[in-house]
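This report concerns only the one structure given below.
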Amino acid sequence: MSQGIVVSKFGGTSMADATAMRRSAGVAKLKNSSIVVVSATSGTTNILVELSQMVTNSTWEGCKATIQKIIDNHLQIARDLEVPEACMHDLDELFKELKTLVRGMNLLKEASPKACDSLFSLGERMSSRLFTECLNQLREDTEVSCFDVRTVLRTDSNFGKAEPNFEMIKKLTDQHLLDVKYAGRVFVTQGFIGRDADGATTTLGRGGSDYSAAILAYALGAEKLEIWTDVAGIATTDPRLCSNARPIDVISFQEAAELASFGAKVLHPTTLLPAMWADIPVFVGSSYEPEKEGTWIIKDPKERPLIRAMAVKKDQTLLTLKNPNMLHAHGFLFDVFKVFNQHRVSVDSITTSEISVSMTVDDSTLLNRTLLEDLRQLGEVLVEEDLSLISLIGNNINHTPGLAAEIFNALGDINVRMICLGASKHNFCFLVNEQRAGDAIDRLHTRFIG
Ligand code: ADP
Ligand code: ASP
Ligand code: MG
31 MSQGIVVSKF
41 GGTSMADATA
51 MRRSAGVAKL
61 KNSSIVVVSA
71 TSGTTNILVE
81 LSQMVTNSTW
91 EGCKATIQKI
101 IDNHLQIARD
111 LEVPEACMHD
121 LDELFKELKT
131 LVRGMNLLKE
141 ASPKACDSLF
151 SLGERMSSRL
161 FTECLNQLRE
171 DTEVSCFDVR
181 TVLRTDSNFG
191 KAEPNFEMIK
201 KLTDQHLLDV
211 KYAGRVFVTQ
221 GFIGRDADGA
231 TTTLGRGGSD
241 YSAAILAYAL
251 GAEKLEIWTD
261 VAGIATTDPR
271 LCSNARPIDV
281 ISFQEAAELA
291 SFGAKVLHPT
301 TLLPAMWADI
311 PVFVGSSYEP
321 EKEGTWIIKD
331 PKERPLIRAM
341 AVKKDQTLLT
351 LKNPNMLHAH
361 GFLFDVFKVF
371 NQHRVSVDSI
381 TTSEISVSMT
391 VDDSTLLNRT
401 LLEDLRQLGE
411 VLVEEDLSLI
421 SLIGNNINHT
431 PGLAAEIFNA
441 LGDINVRMIC
451 LGASKHNFCF
461 LVNEQRAGDA
471 IDRLHTRFIG
């Protein structure tokens, strides 16, 4: 019954202005999308983040000027799209909410994660209202409505990086989005945002709209999920880093998930999980050039090359914890990871020796000074910053003789600070100095992809 539902997500650059919105609406019509998930207009979330920092150290006058920038950008799009009075009224309500919220935060000098999530949600709420009109103008054949995703997207209360509650989302989707399944209606909705059990607005973390679209596709049993962005698919490496990067036609869920987790910004890292569970094919394409082929992410691609792609995760810190008592002792790693768990910090890669363990984390983690203090209770901690994690993604990587030798040959004089190989057949990753990351990608791309 649910067959045929297409969930399409359009990122910030696809919402940048009236022209980009019209182009994206054309794509949503062409693809007969039933659920259209949108990001905030390009740059808006960044300005909202800036505002959240200003509320504690700036005057109301300063905040007002920044708020006005956001309002002007959206009014310009509204004028260019010639939206009707009802839409102007709704936008006006959102502008009022923006001012009231920032005023309150500024008076209290409070930028709690909870208040920030409510503030950040306004970007997607404004863009989705505008895009609903834009799509409505194009789709005379069916009714297009703006749907508040918070009605169904239930999360926990971990503001700033909330976790979806899939069971509740499925239940709520069945209750509130029946018309998509049975009446063929089209809904435009927000990416990135959700609501906890107490009714407070939450967000899924930066870049989270991809994840929102995948969650909805899963809950609705969609036939496919489309991610429309500013590049024509997933490339062999970030096109901004390497001019030889070229689009990939088909890639497996596992490889794409490794790529996303290890730094390819084109997809939010957790996007593919719900799609994998329900075996929903995912398409990644450019809303600027929808006729180009793009990339299909599927369960079982025919071709399984040894090296399909490579990614860079910048701003990595290597934490090395050393304790001679680790020698022949048990339970040490358990204690180490208990600390990371308490601080909700994720470790990207790890290697151990007899008396030490090294782990990589995002640089921003060190803003959390208490993490370091807690680790120091377990031994001496060495901190090395300004590193990049380079990953080679492909198939059968851990069972291919001679591969490591070829990789290190290609790297030549670039020092490798730490290596992770063996845990996954899809990934070989290692750390290099941030300044050499571009060189490393160039050399490896030339050697393995061409
Ligand atoms: P959106 O706003 O549509 O979500 P993003 O900026 O989050 O778009 O992601 C698209 C960007 O991801 C591209 O412009 C590109 O620079 C970057 N990117 C990083 N790695 C890759 C890759 N392997 N293939 C394609 N794009 C990549
Ligand atoms: N607007 C949010 C961000 O910029 C979410 C997204 O675009 O995916 O992070
Ligand atoms: Mg993105």
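Taking our numbering, the leading residue of the sequence shown gets 31, the next gets one more, and so forth.
Quick reminder that beta carbons are idealized off the backbone N, C-alpha and C, glycines included.
Any 3 or more C-beta pairs closer than 8 Å across the region 413–424 and the region 365–372: These segments do not touch.
Own chain, CB closer than 6 Å to Asn-166, minus 5 neighbours either side, in chain order: Scanning its chain for C-beta atoms nearer than 6 Å, with the 5 sequence neighbours on each side dropped, one finds around Asn-166 the residues Val-174, in chain order.
Distance cut-off 8 Å: Ala-243 Cβ against heavy atoms of the ligand ADP: In this structure, Ala-243 has its beta carbon at no less than 8 Å from each heavy atom of the ligand ADP.
Integer-rounded CB distance, given that Thr-71 should sit under 8 Å from Ala-46: Under the criterion of beta carbons closer than 8 Å, Ala-46 and Thr-71 qualify as touching, at roughly 6 Å.
Which residues DSSP lists as bridging Glu-256, in chain order: Under DSSP, Glu-256 shares a beta bridge with Ser-38 and Phe-313.
Euclidean distance between Cα positions of Gly-190 and Met-389: Using only the alpha carbons, I get a separation of about 24 Å.
Sheet register partners of Ser-157 (DSSP bridge): Partner(s): none; Ser-157 has no beta bridge.
Residue closest to Ile-223, alpha-carbon to alpha-carbon, out of Arg-477, Asp-209, Val-182 and Glu-115: The candidate whose alpha carbon is nearest that of Ile-223 is Val-182.
Residue nearest to Leu-81 in terms of C-alpha spacing, selected from Leu-149, Ala-249, Asn-457 and Leu-363: Distance from the Cα of Leu-81 is smallest, within the candidate group Leu-149, Ala-249, Asn-457 and Leu-363, for Leu-149.
Secondary structure of Leu-336, DSSP reduced to three states: It is coil, neither helix nor strand.
Distance cut-off 8 Å: Gly-42 Cβ against heavy atoms of the ligand MG: The answer is yes for Gly-42.
Bridge-paired residues (DSSP) for Thr-185: In the DSSP secondary-structure assignment, Thr-185 is bridged to Pro-194.
Local Cβ density within 10 Å of Trp-326, reported as buried at 16 or more and exposed below that: Counting the other Cβ atoms within 10 Å of the Cβ of Trp-326 gives 16 or more, which makes it buried.
Terminal residues of the alpha helix (DSSP H) in which Thr-86 lies: Counting along the chain, the alpha helix (DSSP H) containing Thr-86 begins and ends at 74–87.
DSSP beta-bridge partners of Gly-224: Partner(s): Thr-232.
Backbone secondary structure at Lys-343 - three-state DSSP: Lys-343: strand per DSSP, three-state reduction.
For Gly-442 and Arg-473, believed in contact at Cβ under 8 Å, the rounded distance: Right, the Cβ-Cβ distance comes to about 7 Å (below 8 Å), so this counts as a contact.
Cα-Cα separation, Val-55 to Lys-322: The residue you asked about is not Val; residue 55 is Ala in the sequence shown. In this structure, the alpha-carbon of Ala-55 lies about 17 Å from that of Lys-322.
Identity of the residues DSSP links to Gly-481 by a beta bridge: Within the shown structure, residues of the chain are numbered from 31 to 480, placing residue 481 beyond reach of any answer.
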